[in-house]
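In our numbering, the protein residues as written are 10 to 91.
Even glycine gets a Cβ: it sits at the ideal position worked out from N, Cα and C.
Values in this document were obtained by computation on a predicted structure and should not be read as measured data.
Data first, discussion second: the structure below is written as C-alpha coordinates.
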Amino acid sequence: MEPICRPSPASVPHLSPKEAASEWRVRMMGRKTPSRFLGQEEPRLGDIMDDPITRRLMASDGVGVEQLQQVISLMREKLLHV
10 MEPICRPSPA SVPHLSPKEA ASEWRVRMMG RKTPSRFLGQ EEPRLGDIMD DPITRRLMAS
70 DGVGVEQLQQ VISLMREKLL HV
(Lines of atoms letter the chains of each structure in order from A and count residues from 1; the text may use other names and numbers.)
(Lines give C-alpha, C1' and ligand atoms only; values in the text may rest on other atoms or scores of the structure.)
Protein backbone atom coordinates (compact mmCIF):
# COMPACT_ATOMS: atom_id res chain seq x y z
CA MET A 1 0.00 0.00 0.00
CA GLU A 2 1.29 3.46 -0.95
CA PRO A 3 1.88 5.93 1.88
CA ILE A 4 -0.64 8.76 2.04
CA CYS A 5 1.97 11.48 2.43
CA ARG A 6 5.00 11.86 0.21
CA PRO A 7 8.51 11.78 1.67
CA SER A 8 10.39 15.05 1.94
CA PRO A 9 14.12 15.52 1.29
CA ALA A 10 14.64 15.51 5.06
CA SER A 11 13.33 11.93 5.25
CA VAL A 12 16.55 10.64 3.66
CA PRO A 13 18.99 11.43 6.51
CA HIS A 14 22.02 9.47 5.24
CA LEU A 15 22.35 11.67 2.13
CA SER A 16 23.78 15.17 1.76
CA PRO A 17 21.17 17.92 1.29
CA LYS A 18 21.90 18.07 -2.46
CA GLU A 19 21.67 14.28 -2.83
CA ALA A 20 18.49 14.18 -0.74
CA ALA A 21 16.88 16.89 -2.87
CA SER A 22 17.87 15.01 -6.02
CA GLU A 23 16.45 11.76 -4.64
CA TRP A 24 13.26 13.55 -3.65
CA ARG A 25 12.88 15.00 -7.18
CA VAL A 26 13.37 11.54 -8.67
CA ARG A 27 10.69 10.08 -6.39
CA MET A 28 8.23 12.88 -7.10
CA MET A 29 8.81 12.95 -10.84
CA GLY A 30 8.82 9.16 -11.16
CA ARG A 31 12.11 9.10 -13.05
CA LYS A 32 14.42 6.14 -12.72
CA THR A 33 17.56 8.27 -12.95
CA PRO A 34 18.09 11.88 -11.92
CA SER A 35 18.76 14.59 -14.48
CA ARG A 36 22.39 15.34 -15.27
CA PHE A 37 21.69 19.04 -15.04
CA LEU A 38 20.39 19.41 -11.48
CA GLY A 39 21.88 22.09 -9.28
CA GLN A 40 23.99 25.06 -10.25
CA GLU A 41 26.28 23.25 -12.68
CA GLU A 42 26.23 24.10 -16.36
CA PRO A 43 26.22 21.25 -18.85
CA ARG A 44 29.46 20.66 -20.75
CA LEU A 45 29.53 21.74 -24.38
CA GLY A 46 30.03 18.13 -25.47
CA ASP A 47 26.88 17.11 -23.59
CA ILE A 48 24.89 19.86 -25.28
CA MET A 49 26.27 18.97 -28.70
CA ASP A 50 25.44 15.28 -28.18
CA ASP A 51 21.90 16.01 -27.03
CA PRO A 52 19.27 14.70 -29.50
CA ILE A 53 17.13 17.83 -29.11
CA THR A 54 20.10 20.06 -29.92
CA ARG A 55 20.84 17.95 -32.98
CA ARG A 56 17.23 18.19 -34.18
CA LEU A 57 17.20 21.96 -33.72
CA MET A 58 20.47 22.27 -35.59
CA ALA A 59 19.16 20.12 -38.43
CA SER A 60 15.93 22.12 -38.67
CA ASP A 61 17.99 25.34 -38.81
CA GLY A 62 20.38 23.90 -41.39
CA VAL A 63 23.39 24.17 -39.06
CA GLY A 64 26.06 21.48 -39.27
CA VAL A 65 28.17 20.30 -36.33
CA GLU A 66 31.43 21.41 -37.97
CA GLN A 67 29.96 24.81 -38.80
CA LEU A 68 28.85 25.39 -35.22
CA GLN A 69 32.18 24.19 -33.83
CA GLN A 70 33.99 26.71 -36.04
CA VAL A 71 31.80 29.54 -34.75
CA ILE A 72 32.36 28.43 -31.15
CA SER A 73 36.14 28.25 -31.68
CA LEU A 74 36.19 31.70 -33.29
CA MET A 75 34.18 33.25 -30.45
CA ARG A 76 36.32 31.48 -27.83
CA GLU A 77 39.46 33.00 -29.38
CA LYS A 78 37.89 36.47 -29.51
CA LEU A 79 36.77 36.28 -25.88
CA LEU A 80 40.21 35.14 -24.72
CA HIS A 81 41.77 38.26 -26.21
CA VAL A 82 39.32 40.79 -24.74
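Sequence-distant partners of residue 63 (beyond 5 residues in either direction) whose C-beta falls short of 6 Å from its own C-beta, in its chain, are 57. Counting along the chain, residue 60 sits inside no alpha helix (DSSP H), nor does DSSP assign it H or E at all. Separation of the CB atoms of residue 67 and residue 77 is rounded to 7 Å, and the pair is thereby assigned contact status at 8 Å. The closest CA to that of residue 81, considering only 55, 28 and 25, is found on 55.
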